[in-house]
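Just so you know, the sequences run in chain order A and B.
Position in the first sequence (from 1) plus 78 gives the number in our numbering.
Position in the second sequence (from 1) plus 78 gives the number in our numbering.
Even glycine gets a Cβ: it sits at the ideal position worked out from N, Cα and C.
Protein chains: 2
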Amino acid sequence: MFLTQPLHKGRREKAHETAVVCGDRRLDFATFTERVSRLAGVLQKLGMARGDRVGMMSLNSTRFVEYFFATWWGGGVINPVNIRWNPKEVAYSLDDCDTRILLVDDLFAPMAAQLRELSTSLRTVVYCGDGPVPEGMVGYEALLADTAPVPDAPHRSDELAAVMYTGGTTGRPKGVMLAHGSLYINALASVAALPRDTQDAAAIVAAPMFHVAGCGVALQSLLRLVPVHIVPMFDEVAVLETLQSARITEMFLVPTMIKRVIEHPRFAEFDLGSLRLLSYGAAPIDAALLDAAMRAFPGTAFAQVYGMTELSPVVTALASHCHAPGPRREKLLRSAGTPISIAEVRIVDGNDNELPHGQVGEIVARGPMVMQGYWNKPAETEAALRGGWMHTGDGGYMDENGFLYVVDRMKDMIVSGGENVYSAEVENAIAQMPQVLMSAVIGVPDDKWGERVHAVIVLRPGMQASPEEVMAHCKEQIANYKCPRSVEFRDALPLSAAGKLQKFQLREPFWAGKERRVG
Amino acid sequence: MFLTQPLHKGRREKAHETAVVCGDRRLDFATFTERVSRLAGVLQKLGMARGDRVGMMSLNSTRFVEYFFATWWGGGVINPVNIRWNPKEVAYSLDDCDTRILLVDDLFAPMAAQLRELSTSLRTVVYCGDGPVPEGMVGYEALLADTAPVPDAPHRSDELAAVMYTGGTTGRPKGVMLAHGSLYINALASVAALPRDTQDAAAIVAAPMFHVAGCGVALQSLLRLVPVHIVPMFDEVAVLETLQSARITEMFLVPTMIKRVIEHPRFAEFDLGSLRLLSYGAAPIDAALLDAAMRAFPGTAFAQVYGMTELSPVVTALASHCHAPGPRREKLLRSAGTPISIAEVRIVDGNDNELPHGQVGEIVARGPMVMQGYWNKPAETEAALRGGWMHTGDGGYMDENGFLYVVDRMKDMIVSGGENVYSAEVENAIAQMPQVLMSAVIGVPDDKWGERVHAVIVLRPGMQASPEEVMAHCKEQIANYKCPRSVEFRDALPLSAAGKLQKFQLREPFWAGKERRVG
Numbered sequence: 079m080f081l082t083q084p085l086h087k088g089r090r091e092k093a094h095e096t097a098v099v100c101g102d103r104r105l106d107f108a109t110f111t112e113r114v115s116r117l118a119g120v121l122q123k124l125g126m127a128r129g130d131r132v133g134m135m136s137l138n139s140t141r142f143v144e145y146f147f148a149t150w151w152g153g154g155v156i157n158p159v160n161i162r163w164n165p166k167e168v169a170y171s172l173d174d175c176d177t178r179i180l181l182v183d184d185l186f187a188p189m190a191a192q193l194r195e196l197s198t199s200l201r202t203v204v205y206c207g208d209g210p211v212p213e214g215m216v217g218y219e220a221l222l223a224d225t226a227p228v229p230d231a232p233h234r235s236d237e238l239a240a241v242m243y244t245g246g247t248t249g250r251p252k253g254v255m256l257a258h259g260s261l262y263i264n265a266l267a268s269v270a271a272l273p274r275d276t277q278d279a280a281a282i283v284a285a286p287m288f289h290v291a292g293c294g295v296a297l298q299s300l301l302r303l304v305p306v307h308i309v310p311m312f313d314e315v316a317v318l319e320t321l322q323s324a325r326i327t328e329m330f331l332v333p334t335m336i337k338r339v340i341e342h343p344r345f346a347e348f349d350l351g352s353l354r355l356l357s358y359g360a361a362p363i364d365a366a367l368l369d370a371a372m373r374a375f376p377g378t379a380f381a382q383v384y385g386m387t388e389l390s391p392v393v394t395a396l397a398s399h400c401h402a403p404g405p406r407r408e409k410l411l412r413s414a415g416t417p418i419s420i421a422e423v424r425i426v427d428g429n430d431n432e433l434p435h436g437q438v439g440e441i442v443a444r445g446p447m448v449m450q451g452y453w454n455k456p457a458e459t460e461a462a463l464r465g466g467w468m469h470t471g472d473g474g475y476m477d478e479n480g481f482l483y484v485v486d487r488m489k490d491m492i493v494s495g496g497e498n499v500y501s502a503e504v505e506n507a508i509a510q511m512p513q514v515l516m517s518a519v520i521g522v523p524d525d526k527w528g529e530r531v532h533a534v535i536v537l538r539p540g541m542q543a544s545p546e547e548v549m550a551h552c553k554e555q556i557a558n559y560k561c562p563r564s565v566e567f568r569d570a571l572p573l574s575a576a577g578k579l580q581k582f583q584l585r586e587p588f589w590a591g592k593e594r595r596v597g
Numbered sequence: 079m080f081l082t083q084p085l086h087k088g089r090r091e092k093a094h095e096t097a098v099v100c101g102d103r104r105l106d107f108a109t110f111t112e113r114v115s116r117l118a119g120v121l122q123k124l125g126m127a128r129g130d131r132v133g134m135m136s137l138n139s140t141r142f143v144e145y146f147f148a149t150w151w152g153g154g155v156i157n158p159v160n161i162r163w164n165p166k167e168v169a170y171s172l173d174d175c176d177t178r179i180l181l182v183d184d185l186f187a188p189m190a191a192q193l194r195e196l197s198t199s200l201r202t203v204v205y206c207g208d209g210p211v212p213e214g215m216v217g218y219e220a221l222l223a224d225t226a227p228v229p230d231a232p233h234r235s236d237e238l239a240a241v242m243y244t245g246g247t248t249g250r251p252k253g254v255m256l257a258h259g260s261l262y263i264n265a266l267a268s269v270a271a272l273p274r275d276t277q278d279a280a281a282i283v284a285a286p287m288f289h290v291a292g293c294g295v296a297l298q299s300l301l302r303l304v305p306v307h308i309v310p311m312f313d314e315v316a317v318l319e320t321l322q323s324a325r326i327t328e329m330f331l332v333p334t335m336i337k338r339v340i341e342h343p344r345f346a347e348f349d350l351g352s353l354r355l356l357s358y359g360a361a362p363i364d365a366a367l368l369d370a371a372m373r374a375f376p377g378t379a380f381a382q383v384y385g386m387t388e389l390s391p392v393v394t395a396l397a398s399h400c401h402a403p404g405p406r407r408e409k410l411l412r413s414a415g416t417p418i419s420i421a422e423v424r425i426v427d428g429n430d431n432e433l434p435h436g437q438v439g440e441i442v443a444r445g446p447m448v449m450q451g452y453w454n455k456p457a458e459t460e461a462a463l464r465g466g467w468m469h470t471g472d473g474g475y476m477d478e479n480g481f482l483y484v485v486d487r488m489k490d491m492i493v494s495g496g497e498n499v500y501s502a503e504v505e506n507a508i509a510q511m512p513q514v515l516m517s518a519v520i521g522v523p524d525d526k527w528g529e530r531v532h533a534v535i536v537l538r539p540g541m542q543a544s545p546e547e548v549m550a551h552c553k554e555q556i557a558n559y560k561c562p563r564s565v566e567f568r569d570a571l572p573l574s575a576a577g578k579l580q581k582f583q584l585r586e587p588f589w590a591g592k593e594r595r596v597g
C-alpha cells in the first residue's frame, strides 16, 4: 500500500477523465500523473533525497495535490504548513524536521524572506503562484516545463509519507509521523464505513489541505479515482457554486461551515440535488442544525467522523441512519459513532486498565492507522503510544452498543451544584432562538456551585438579544439547573484552522490559576 | 492489519450480538472470541508452534470459522483442505507444507485412517463432529473445555496467514501463501468497492469455506462485525430458509447457484425482501439469468467480482449500476468490471510489455493483495510474480473506460471460418429456450472451419429438445455463423468445488493431441 498507487491506476483506467479541478484548472489523470512525475524530478533536482521532507504553505489548489503526490513519487515526505501560524511557528516546524524545500503560493510568498531569516533549515523556496517569480525563488511551472518525468520511487507500506504538525496550544507543536499505509488504509476504511458509490461521483475539498482532514478527503476520492474539486479557501458561495456546477456527490465540512452554507442568503439559488453524502467532523452536530441541514439537503445522507492527526485521521464514524429522526437520535447525535473496521478503541484509566461500558476514561486506539510517532520526540512518542495504543488525551466512554462518546469534546460536561450539565444540550436550546447564529456553552468557576453554566453567543447580523432573554428562553426548553447563569455576546467564536471550535480559548481567562477537573 | 483484530473489536463493541450461526449453533462475539482463544491453546498444546500449518477438512460450520481464527490467534497458518479431493491429493497437500494437525468433521472422519497411511506429516487428527470421538483421534469440544484461553499472538501485516491449495488440473496443486494484511485489505477494499450498510446487516456463506471465496465472504462480514450465517453445503432450500429466517442482507453465489435458487419449485414460498446485495463471481452472468434474478429479487443490487486465490481473491468488481437495463448492459455484463481500489491491473504481451486498450494479452495485477508466493516452489513463484506483478494466466483486455474483459473465461472466443464467436452470446440465446437449464458453448476442432461452435446442454427435468430445435431457435436469435453446428445433451456440466464451470473438461476430449490457439 502506497499513496502513488491511484495515479498508476488512474492513468491506466481513466486517463482522459478528470482527476483534480480548481477554478479554471482541470487536469485529467494522464496529465496530472505526468505533471506529478515531472515535479518529482524537480524536487529531486532541488536536492530532495529519499525520506527528505518538503514543505508547502499555500491555499488549496491543484498544485497542492501535485505537491503531495510529487513528493511521494520522488521518495520524499510531505510537511504541509499550517497557514494560520505566524512566521516563528512556521520556522520552528520547518527546522524541527529539517525541511529544506518550501513551496509558497501568491498569498504566502511575501512571508518567505522572513522565514529565510528565522529558519536554519530552509534552502530553497519554490514559487507556485501565477505571477512573475519573486527575487530569490525558483518558479514551479518553469522548472516543471524543463524537467523530464522520473520513475515512481519504490514504496513500502511502512514508509514515512507525512510529518504533520499539530498542537501548539500547550508547548511546541509536534510533528506527527504518518506512514503511506496508515493514510492509505484510513482512507479506504473510511470509505467502507460510510458507503458511497463511485458512479458519476465527484468530491469537493473545502477544508484546508495542510490539515489531515482536507488531505484525507482528497485521498478518499483519488484512491477510488473519483475527481476532486478544490475550493482554495472555505467560502459559502464558492462551495455552493462548485456543488452545483460540478454536480458534487460527496462533501466534508465541520458543523459551523454547514451552518454558514445553509444560512447563506443565496443558498436557495443553487441546485444541490447531486449531493449524496455530507460528512462532518471535529465537532458533533446539534439537532436543530441537523434538522435545518436535512431540510436544506433533502435526499442527502449525513454522517459524522471523529479522529485526529495521530490516527490518519478517522477512528470512529456515526452512520447516516443514526441521523434519522427517532427516539434514539438525540442520544446518538452526541456520540462520535462506532470504530471504523480497522480501529480498536477502548477506554482506560490512568493505569491503562480497560474500563467497563459507560465509565469515563481516556480514549485510546490501536490499528494500522496509528502514527509512527512524533518527529524527534522519543519521550512524547513513548508516552502517547505506550502499550501499543495511541493515547488520544480525549476523555470519553463507550456504551454497550459500541458507540463512543467523547466527553471533553462535545459533551464537555459542566458539574454545577453536583448536577451534570452537557454543553451540547444547552447549545441546542440556545440554537432555537432565531437571533442566534452560534453559541458555545462552557463551565466557569463559581464559588457557590463549583462550576457555573456560561454561554458565549454570536448573534445574527442586525439581530439583538439580552442575557435575560436567553435565560428565559432556556428555562422554557430545559431544566433550570442546566440554564446559563451568565451570558456574553461576541462577534465571533475562536475556531481552529480546521474550523473546530476552540472552547479552551474561551475557558482560559476564567480558569487562569485554577484547576478544572475534567472527565 | 491482522485477522484476529475483528474479534478484539467484537468482544468490546458487540459482546452480546451474534457473530456466527450455523443450524442451532449461535455464538455471540464474546463467546466466539472466548472459544477461539481456548482453541488456540488447544492447538498450541497439540504442538502448533508459530507459523505452523493446521489443516481442516470439513463442511462449513461455526467450528470452521473457529478453526480459522484460533489458528491465527495461536500464531499458526491455516491450510483448509479442498473437500472434493481424493485422499492422495489431500495427503499431497498436507505433506507439501508439513501440516501435522488436521481437523475433520463427521463427513471426513472416515478418511482419516487412509490419510494417516498416505501422509508423512500428519501427526494429530482432531475430531470436530458431534458423535463420540473415533479411535485414534482427539475430541474438539473436550479439549476446548479442558484448556484455558491463551493471549493473541503478536501479529504483523506481512505474517503468513494461509496456505491455500489451488490448481491441480495441470500438474501438482500449488500452495498459495497469503499474508494477514493481504486477506484483510482485500476484504476491506471489496466492501469499499461494493458499498453496503452495516445497519441490521447479516451475511450468508453458502460457498465452501476451504475456498478463498467462502473464507473471504466470512472475513468481509466479520471485519465489519456483521454476523455470518453459515450453510454447511450449498443447497437451494437451506439458502432460501436462511435468507428468510435470518433476514440476510448480503449474499455471494456463483451464477449457476443463483439459477438453482431462483428456479427452485419452493422459491415463491419465501420472503426474501431483506436481501440488499447479491454478488456473484467465478463466471459472468448472462442477461437472461440476470433478468430472471432481478425479477426474483426486486430491490436487490447485483454485482460481480473477479479474482483468484493468488489475489486474496478479489481484483475487479462490476458495480450494481452496470446491471441496470440499458443500451450498454449487454457489453458491460461481459466485463469483469473495474479494478478495486487497491489493485492495479494491466494487460501485457509475452515479454511483459503493456498492451494498449482493447488488445488481448495476459492479465497481470499488482497491489497489497498479491500472494507471497507458492509454498516451496521458488521457480513457479518467480515466474508468477516476475517484475512484481501477479501473472494470472488469464487472457483479457481492458477497454478505454478501465473495464476488464476476461477473454478466456467468459468471452472464450471461438474462431470459426475467420469469424469471432463469443460463447456468452450463444449461451444467452440458448438460455432463452424454456427447456434449457444450463448450457456451455465451446469451440471444437473442425476441418472446414478451423473451429466449430459446439453446445453442451442440460435440460430441465422432464423436458425434451432436439439438436435441430436448438439450432433453429438460435437462428432466430443470432447470426447464422454464431449458431451451434453440433449439440449434445448431458445430465450435468463439470463444475469446480467453487461452482465454476470447467469448460476445459468439456474441451479436452475434442482437442486431445491438437493445439488450440487461445486469446
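- Item | Delimiting residues of the beta strand (DSSP E) encompassing GLN382 (chain A) | Indexing the first sequence from 1 puts residue 382 (chain A) at position 304. 379-385 is the extent of the beta strand (DSSP E) around GLN382 (chain A).
- Item | Contained beta strand (DSSP E) runs [length at least 3] in the region 279-361 of chain A, N- to C-terminal order | 281-283, 306-308, 328-331 and 355-359
- Under three-state DSSP, which class holds GLY246 (chain A)? Mapped onto the first sequence, residue 246 (chain A) falls at position 168. Summary for GLY246 (chain A): the model assigns pLDDT 48, below 50, so the residue's position carries little reliability, and this model does not support an answer.
- Task: Classify LEU571 (chain B) as helix, strand or coil using the three-state DSSP reduction.
- Result: Residue mapping note: residue 571 (chain B) aligns to position 493 of the second sequence, counting from 1. Coil.
- Query: Between the region 325-341 of chain A and the region 362-382 of chain A, are three or more C-beta pairs nearer than 8 Å?
  - Reply: yes
- What residues in its chain sit with their C-beta under 7 Å from that of ASN558 (chain A), if we drop five residues either side in the sequence? Mapped onto the first sequence, residue 558 (chain A) falls at position 480. None.
- In the DSSP assignment, find the alpha helix (DSSP H) that holds SER171 (chain B) and state where it starts and stops. Position 93 of the second sequence, counted from the first residue, corresponds to residue 171 (chain B). 165-174 is the extent of the alpha helix (DSSP H) around SER171 (chain B).
- Task: Could you tell me if PRO188 (chain B) is buried or exposed, where buried requires 16 or more neighbouring beta carbons within 10 angstroms of its beta carbon?
- Result: On the second sequence, residue 188 (chain B) is found 110 positions in, with the first residue counted as 1. When all chains shown are included, PRO188 (chain B) counts as exposed.
- Item | the region 222-229 of chain B / the region 399-414 of chain B touching (three or more Cβ pairs under 8 Å) | no
- Looking at MET79 (chain A) and ILE420 (chain B), is the spacing between their C-beta atoms short of 8 Å? As a working mapping, residue 420 (chain B) is identified with position 342 in the second sequence. As a working mapping, residue 79 (chain A) is identified with position 1 in the first sequence. Cβ distance < 8 Å, so ILE420 (chain B) and MET79 (chain A) count as in contact.
- Locate the alpha helix (DSSP H) running through TYR475 (chain B), then write down its first and last residues. Walking along the second sequence from the start, residue 475 (chain B) turns up at place 397. Per DSSP, TYR475 (chain B) belongs to no alpha helix (DSSP H); it is in the beta strand (DSSP E), 468-476.
- Which residue comes first and which comes last in the beta strand (DSSP E) that contains VAL203 (chain B)? For the purposes of this step, residue 203 (chain B) is identified with residue 125 of the second sequence, where counting begins at 1. Note, VAL203 (chain B): beta strand (DSSP E), 202-205.
- So, ILE326 (chain A) versus LEU353 (chain A), is the Cβ gap smaller than 8 Å? Residue mapping note: residue 326 (chain A) aligns to position 248 of the first sequence, counting from 1. Residue mapping note: residue 353 (chain A) aligns to position 275 of the first sequence, counting from 1. Result yes, Cβ atoms of ILE326 (chain A) and LEU353 (chain A) sit closer than 8 Å.
- Task: Take PRO417 (chain B) and list the residues in its own chain whose beta-carbon comes closer than 8 Å to its own, dropping the five residues that flank it on each side.
- Result: Here residue 417 (chain B) refers to the residue found at position 339 of the second sequence. VAL393, THR394, VAL423, ALA443, GLY480 and LEU482.
- Going straight from the alpha carbon of MET511 (chain A) to that of LEU579 (chain A), what length do you get? In the first sequence, the residue the question calls residue 511 (chain A) occupies position 433. In the first sequence, the residue the question calls residue 579 (chain A) occupies position 501. Distance between the alpha carbons of MET511 (chain A) and LEU579 (chain A): 20 Å.
- Task: Find out if the Cβ-Cβ distance for the pair PHE107 (chain A), GLU95 (chain A) is shorter than 8 Å.
- Result: Here residue 107 (chain A) refers to the residue found at position 29 of the first sequence. Here residue 95 (chain A) refers to the residue found at position 17 of the first sequence. Yes, they are a contact pair.
- Boundaries of the alpha helix (DSSP H) in which GLY119 (chain A) is found, first to last residue: Walking along the first sequence from the start, residue 119 (chain A) turns up at place 41. Per DSSP, GLY119 (chain A) belongs to the alpha helix (DSSP H) from 107-123.
- Query: Quick one, which of A:ALA590, A:TYR145 and A:ARG128 has its alpha-carbon nearest SER115 (chain A)'s?
  - Reply: Working through the first sequence from its first residue, we reach residue 115 (chain A) at position 37. Selected option, being the one with the closest Cα: A:TYR145.
- According to DSSP, residues forming a beta bridge with CYS100 (chain A): Taking the first residue of the first sequence as position 1, residue 100 (chain A) is located at position 22. DSSP, once it has assigned bridges, lists A:ARG103 as partnering CYS100 (chain A).
- Query: GLN83 (chain A) versus chain B: which residues are under 8 Å apart at the beta carbon?
  - Reply: If you number the first sequence from 1, residue 83 (chain A) lands on position 5. Simply ILE420, GLU422 and GLY445.
- Query: Just the Cα atoms here: how many angstroms apart are SER260 (chain A) and PRO310 (chain B)?
  - Reply: For this step, residue 260 (chain A) is matched to residue 182 along the first sequence. For this step, residue 310 (chain B) is matched to residue 232 along the second sequence. Rounded to whole angstroms, SER260 (chain A) to PRO310 (chain B) spans 37 Å at the Cα level.
- Task: Spell out whether any CB of chain B is found under 8 Å from the CB atom of LYS489 (chain A).
- Result: Here residue 489 (chain A) is taken as the residue at index 411 of the first sequence, counted from 1. Low local confidence applies: a pLDDT of 41 at LYS489 (chain A) is under 50, so the model's placement there is unreliable, with the coordinate-based value given in what follows. It does not; no Cβ of chain B falls within 8 Å.
- Query: If we cut at 8 Å on Cβ distances, does MET79 (chain A) have a partner in chain B?
  - Reply: Here residue 79 (chain A) refers to the residue found at position 1 of the first sequence. It does: the Cβ of MET79 (chain A) has a partner Cβ on chain B nearer than 8 Å.
- Message: For the structure I just gave you, are there three or more beta carbon pairs, one from the region 448-455 of chain A and one from the region 250-259 of chain A, closer than 8 Å?
- Response: yes
- Task: Kindly indicate if chain B contains any beta-carbon less than 8 Å away from that of GLU91 (chain A).
- Result: For this step, residue 91 (chain A) is matched to residue 13 along the first sequence. Output row for GLU91 (chain A): interface = yes.
- Query: In chain B, which residues lie with their C-beta within 9 Å of the C-beta of ILE156 (chain A)?
  - Reply: Here residue 156 (chain A) refers to the residue found at position 78 when the first sequence is read from its first residue. Simply none; closest approach about 21 Å.
- Query: Nearest to GLY217 (chain B) by CA position, among B:LEU181, B:VAL438 and B:ALA365, is which residue?
  - Reply: In the second sequence, counting from the first residue as 1, residue 217 (chain B) sits at position 139. Closest by alpha carbon: B:LEU181.
- Task: Please list, in chain order, all residues of the same chain as ALA507 (chain B) whose beta carbon is under 6 Å from its beta carbon, the five residues on each side excluded.
- Result: Within the second sequence, numbered from 1, the residue matching residue 507 (chain B) stands at position 429. Correct list, in chain order: CYS552, GLN555 and ILE556.
- Item | Contact set between GLN382 (chain B) and chain A, taken where Cβ atoms lie within less than 8 Å | If you number the second sequence from 1, residue 382 (chain B) lands on position 304. Ordered by position in chain A, no residue passes the 8 Å Cβ test against GLN382 (chain B), which lies about 15 Å from the chain.
- Given that a residue counts as buried once 16 or more other Cβ atoms are within 10 Å of its Cβ, and exposed if not, what is LYS92 (chain B)? The residue you call residue 92 (chain B) lines up with position 14 of the second sequence. Looking at its Cβ environment, which holds 16 or more other Cβ atoms inside 10 Å, LYS92 (chain B) is buried.
- Message: I want to see whether chain A comes within less than 8 Å of ASP649 (chain B), judged by CB atoms only; does it?
- Response: Because chain B in this structure spans residues 79 to 597, residue 649 (chain B) falls outside the shown range and cannot be described.
- CA nearest to the CA of ALA598 (chain B), picked from B:VAL99, B:GLU529 and B:THR244: For chain B, the structure presents residues 79 to 597; residue 598 (chain B) sits outside this window and is missing.
- Task: Tell me where the alpha helix (DSSP H) around HIS258 (chain B) begins and ends.
- Result: Counted from its first residue, the second sequence places residue 258 (chain B) at position 180. First-last of the alpha helix (DSSP H) with HIS258 (chain B): 258-271.
- Query: Counting Cβ pairs, one atom from each stretch, are 3 or more of them under 8 Å apart for the region 300-308 of chain B and the region 154-170 of chain B?
  - Reply: no
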